[in-house]
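Trainee: Chains as they are written, first to last, in our numbering: chain A, 306 to 893; chain B, 2 to 347.
Following this message is one structure expressed as structure tokens.
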Amino acid sequence: MTQRWPIILFALIMAALPLIPDIPPFWLVLLNNIGLAALVAMGLVLLTGVGGLTSFGQAAFCGFGAYTTAVLSTAYGVSPWLTLPLALIVSGLAAVVLGLITVRLSGHYLPLGTLAWSLGLYYLFGKLEFIGRNDGISAIPPLEIGSWRMLDPGSIYYVIWAAVILSALLTTNLLDSRTGRGIRALRRGHVAAEAFGVHTARAKMLVFIYAAVLAGLSGWLYAHFQRAVTPTPFGVHASIEYLFIAVVGGAGYIWGGVLGALIVIVLKEILQSYLPILFGGQGQLELIVFGIVLVALVHLAPGGVWPWLTNLLPFKRRTARPDTSLQLPERPAAASPPVLLQLEGARKQFGGVIAVNDVSFAVKPKEIVALIGPNGAGKSTTFNLITRVLSSTAGRITVCGTDIDGTTPQDIARLGVARTFQHVKLVPDMTVLENVALGAHLRGRAGPLSSMLRLDRPDEARLLAEAARQIERVGLKDQMDQLAGSLSLGQQRVVEIARALCVDPILLLLDEPAAGLRHMEKQQLAALLRQLRDGGMSILLVEHDMGFVMDLADRIVVLDFGTKIAEGTPDAIKTNPDVIRAYLGAAA
Amino acid sequence: MNTTILLFLLQDGITNGAVYALLGLAMVLVFAVTRVILIPQGEFVAYGALTYATLAAGHKPGTAMLAVVMGLVAFAFDLFAARRSWRMRTLLRAAAVDVVFPVLVCALTWSLAGRYNNIPVNLILSLLIVAAIGLFLYRIVYQPIAHTSVLVLLIASVGAHLALEGFGLIFFGAEGLRGPAISNAMISIGQLQITGQSLAVYGITIALIVALWLFFDFTLYGKALRATAVNRLGARLVGIRTSLSGQMAFLLASVIGAISGILIVPITTLYYDTGFIVGLKGFVAAIIGGLISYPITAAAAIVVGLVEAFSSFYTSNYKEVIVFTLIIPVLILRSLAAPEVEEEKD
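Right under this line is the structure:
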């Protein structure tokens, strides 16, 4: 279990604050504003810091939430509590529509796309008749419980901060789950995540909608706190401010959003009230100082203040080791087909370059096949064809008798093919255990909702147990709780193997597994691979260490310039004249 | 709508579009070389235009002092960066660029302002001042964090934008300014009336685009910039100083921004904060060009200008909405046509 007492302590302190005698109401207003901004920033943490999708449009979602309740509660007299679900649904639906357009955009198009519709929506808010154009809507009714009307800042304060703490809890739960691991893998690119069955497009959409709903909640609260809405707080400047609240606090950390809101809003307040006293009332001095402080903060702590603060704390988070006695159901031992993998004339062309030229070979059950060849021979491309990262130009590839043409990488993982990557694709700021557990993604069931509500714990415990078992199997038990990025390159490759084993594969594809390993480690790896084969798994590996390959492989396929030039037992390959020519050049 | 209005709208759209094209090109340039999304581009526009207008009114622009102050800060940064290896040449170069250059420009401005009030002098002074500000902006804000992510650079951009906008208010006040036209000629072709200013806008835009093309394709510095844009590490390994590339990109962008400002300030009144929206429209064009392609960006900018002109005629209320949602169909097309490609992120 994660530690709950800091959150409980925080909640108690926040609950006690308004009870301080003679606390200026102005402070409560400030705290309310911090809470409202923290909600939006928390969504951005998930979207931008964790998921890697930068959005310039969060304030627009606040607008959807705020205007929904403003229109319904003023023009139609609907109770504010009834408009809450509607406000959330409207922001969520807006996120679905805008997300369908933007989430698929890659790289820098995504933030630019959000900037575009954010600007468009801002002007739209200011032009539409039924939401009052630039004048907005005023006289919005306050929240009420029975006869208690929350008119003063001290009463709606409780609603706002309850929403903040509840959202923080739900978001923390979401990230610490099967779905959360998929989301956290997004920032490192989609290939690795998809190879283990994560639907990256769906995961992106999920965080996009989640962040929008949090922003919508903030907008709903804002409308009933200010009791008037105008387009200004929902414009691009506001969106940008939310973004830097998240970055200042620490874009990867949920509480960083809250801390960032505190820092930015208090700083702005201080600047606005004290600078004119110091320098006279001239100009927008606070804007200048604010801008300069922002640049300085980014220079000094590009990772944000929250991680910097938590590093100062003397104690570290304890993490409980998973109970490895729990078992996941294994792949049903179906009548194993005579051939696991069959390539027939597989071909891949990039423009005029033929990377893989009509290659045919097969992998049978309980067999270690090595794919070797000089650099640029098309080995990794062949892997990418088999795992559907690339689609082949021509030819036929079948896995367990299924033609994989038109399938997705996730389907390949489901068929029982797991892989490692030539360039390690781990999430460096996740622990080894979490990285490996990503491999078991397809063997879990829990969805985002059950994760948020912690109904996923039995499922999650089984996944973590499986991950822990595989880590022990590859000999990295002592590194289980370390961050994957802190391991040596050789160890990271072994972590990738453990992650692949979590799929419970029938065919393991290893891309240069021995690169960066020391002699002893290579021997241990060879022993592990033999043990896996004897346990019924087949392995296809690309490797440059010939001693390793010749010792281990049952059969070797040699590629040169995309074409298969030889296939046979290690002894036959060693003496094959074509292979010698490919590696050493034409013999004189 | 009759032909006169049609021709007028066309001309208006193309004139604005040409300015957006310049801004879009500058943004593409800066993004490609430094990965910075140049939100302060709008400030370059406003500073250029308002410095020019202030000089034309016979006053001394505060931006000249800002350039000196930023130069001194940049010099401090250079000294700090060089603290481990004091080399006379680097120090002299830093002193010349960071201190002597802005001080000279400022002194020149102070002595000429109000006395020799003619258009070429004002124009050159404005360009020099804004160029210095652009150069030092890169040195101070972006160069120390050049290796960080696009997001962090973007946040720094926001900070720079806010600070520069605040300075703009102090220097130029909240009132809008207009500057004198570069040319007051008026040519009539049938119903079409073409102002000399529009012709100047077209001419300068085309000249700048050709100059950029020549620079990037036929000079060593241009090629060094392109190399940096493709691969920073590779460029460094072959001896290109990427910090120099960044400074060059910012220098070009600030000059282009200032020229755009000077071109439009006779046509519309500019305020200290107008630059942001003008810059964003250039940005729309840059996005349509994918932040990669110069010709598509230029063409898109003309389209943005035309759409703006026609939508302000038909439905002026929704002008901005239409301009900014123009990108969305483009983005949809892009995401349909080019599926995501995996990129190795640091």
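Note that beta-carbon positions come from the ideal geometry of N, C-alpha and C, so glycine has one too.
1) Among residues of its own chain, excluding the 5 on either side of GLY562/A, which ones have a beta-carbon nearer than 6 Å to its beta-carbon?
2) Bridge partners of LEU271/B, per DSSP?
3) Figure out for me which residue from PRO181/B, PRO121/B, VAL322/B has the closest Cα to the Cα of VAL308/B.
4) For LEU522/A, decide whether its Cβ has a neighbour in chain B, counting only Cβ atoms nearer than 9 Å.
5) Determine whether the Cβ of TYR295/B lies closer than 9 Å to any Cβ atom of chain A.
6) So is ARG774/A buried or exposed if we call it buried at 16+ other beta carbons inside 10 Å?
7) List the endpoints of the continuous beta strand (DSSP E) containing SER665/A.
8) Could you tell me the alpha carbon to alpha carbon distance between LEU358/A and PHE513/A, rounded to whole angstroms?
9) Are the C-beta atoms of GLY487/A and some chain B residue less than 9 Å apart?
10) Would you list the residues sitting across from LYS869/A in a DSSP beta bridge?
11) Just checking, does the region 875-892 of chain A make contact with the region 180-194 of chain B on the three C-beta pairs under 8 Å criterion?
12) Alpha helix (DSSP H) containing MET28/B: first to last residue?
13) Does the distance from the CB of SER127/B to the CB of TYR53/B come in under 9 Å?
14) Going by DSSP, what residue range makes up the alpha helix (DSSP H) through GLN727/A?
15) Give a yes or no on contact between the region 483-490 of chain A and the region 467-475 of chain A, applying the rule of three or more CB pairs nearer than 8 Å.
16) Quick one: is the Cβ of ALA675/A within less than 8 Å of any heavy atom of the ligand COA?
17) Take every Cβ of the region 29-39 of chain B, pair it with every Cβ of the region 139-153 of chain B, and state whether three or more of those distances are shorter than 8 Å.
18) Using only CA atoms, which one of LEU327/B, ARG90/B, ILE265/B lies nearest to ASP13/B?
19) What does the alpha-carbon distance come out to for the pair LEU389/A and GLY370/A?
20) Give a yes or no on whether the C-beta atoms belonging to GLY700/A and GLY650/A are separated by under 9 Å.
21) Between ASP856/A and the rest of its own chain, which residues show a CB-CB distance below 7 Å, the 5 nearest in sequence each way excluded?
22) Write down the C-beta distance between ALA978/A and PHE501/A rounded to the nearest angstrom, noting that I regard them as a contact closer than 8 Å.
23) Quick check on the burial criterion: 16 or more other C-beta atoms within 10 angstroms. Buried or exposed for ILE207/B?
24) Taking the runs of the alpha helix (DSSP H) that are 4 residues or longer, which of them lie wholly in the region 78-155 of chain B?
25) Is GLY441/A closer than 9 Å to ALA375/A when the C-beta atoms are compared?
26) Spatial neighbours of ILE288/B within its chain, please: C-beta separation below 6 Å, excluding the five flanking residues on both sides.
27) Does any CB atom of chain B fall closer than 9 Å to the CB of ALA887/A?
28) Specify, as a first and last residue, the run of the beta strand (DSSP E) that GLU649/A falls within.
29) Say whether chain A places a C-beta atom closer than 9 Å to the C-beta of GLU343/B.
30) VAL704/A by DSSP, collapsed to three states: which one?
31) Would you list the one or two residues that DSSP bridges to GLU449/A?
32) Just confirm the distance between the C-beta atoms of THR698/A and ARG652/A, as a whole number of angstroms; I'd bet it's less than 8 Å.
33) Sorted by chain position, which residues of the same chain lie with C-beta nearer than 8 Å to GLY362/A's C-beta, five sequence neighbours on each side aside?
34) If I'm right that GLY340/A touches VAL518/A with Cβ under 8 Å, what's the distance once you round it to whole angstroms?
35) Bridge partners of VAL534/A, per DSSP?
36) For VAL142/B and CYS107/B, which I take to be in contact (beta-carbon distance under 8 Å), what is that distance rounded to the nearest angstrom?
Mentor: Quick look at the numbers:
1) For GLY562/A, where only same-chain residues beyond five positions count, the Cβ hits under 6 Å are ALA343, ALA346, MET347, VAL350, ALA551, GLY554.
2) Note: LEU271/B sits in a beta bridge opposite LEU178/B.
3) With distances taken between Cα atoms, VAL308/B lies closest to VAL322/B.
4) No, LEU522/A lies away from the interface with chain B (no Cβ there is under 9 Å from its Cβ).
5) It does not; no Cβ of chain A falls within 9 Å.
6) Note on ARG774/A: 16 or more other CB atoms within 10 angstroms of its CB, so buried under the neighbour-count rule.
7) That run of the beta strand (DSSP E) goes 658-668.
8) LEU358/A and PHE513/A have their C-alpha atoms spaced approximately 8 Å apart.
9) Interface with chain B (9 Å Cβ-Cβ cutoff): GLY487/A is excluded.
10) For LYS869/A, which the question treats as bridged, DSSP gives the partners LEU864/A.
11) No, because fewer than three Cβ pairs between the region 875-892 of chain A and the region 180-194 of chain B fall closer than 8 Å, the two stretches do not touch.
12) Where MET28/B is concerned, the enclosing alpha helix (DSSP H) stretches over 4-35.
13) Result yes, Cβ atoms of SER127/B and TYR53/B sit closer than 9 Å.
14) Annotation: GLN727/A is outside any alpha helix (DSSP H) and is labelled neither H nor E by DSSP.
15) No, the region 483-490 of chain A does not touch the region 467-475 of chain A.
16) This structure lacks the ligand COA; in fact it carries no ligand of any kind.
17) Yes: at least three Cβ pairs fall under 8 Å.
18) When only C-alpha atoms are compared, the closest one is ILE265/B.
19) In a straight line, the C-alpha of LEU389/A is about 8 Å away from that of GLY370/A.
20) Cβ distance < 9 Å, so GLY700/A and GLY650/A count as in contact.
21) Once the five neighbours on either side are set aside, the close Cβ partners of ASP856/A are ALA831.
22) In this structure chain A extends from 306 to 893, so residue 978/A is not present and cannot be described.
23) So ILE207/B ends up on the exposed side.
24) 89-96, 102-113, 120-138, all fully within the region 78-155 of chain B.
25) Yes, they are a contact pair.
26) ILE328.
27) Taking Cβ atoms only, chain B never reaches closer than 9 Å to ALA887/A, which makes this a no.
28) Looking at the DSSP string, the run of the beta strand (DSSP E) that includes GLU649/A is 646-655.
29) Note that GLU343/B has pLDDT 44, beneath the 50 cutoff, so the model's placement of it is unreliable and no number is given.
30) Reduced to three states, the DSSP call for VAL704/A is strand.
31) ARG454/A.
32) Their Cβ separation, rounded to whole angstroms, is 5 Å, which keeps THR698/A and ARG652/A in contact under 8 Å.
33) Result list for GLY362/A: LEU403, THR419, LEU420, TRP422, SER423, LEU426, SER544, in chain order.
34) At roughly 16 Å, the Cβ-Cβ gap does not stay under 8 Å, so GLY340/A and VAL518/A are not in contact.
35) By DSSP's assignment, VAL534/A forms a beta bridge with ILE442/A.
36) The Cβ separation is near 21 Å, so there is no contact.
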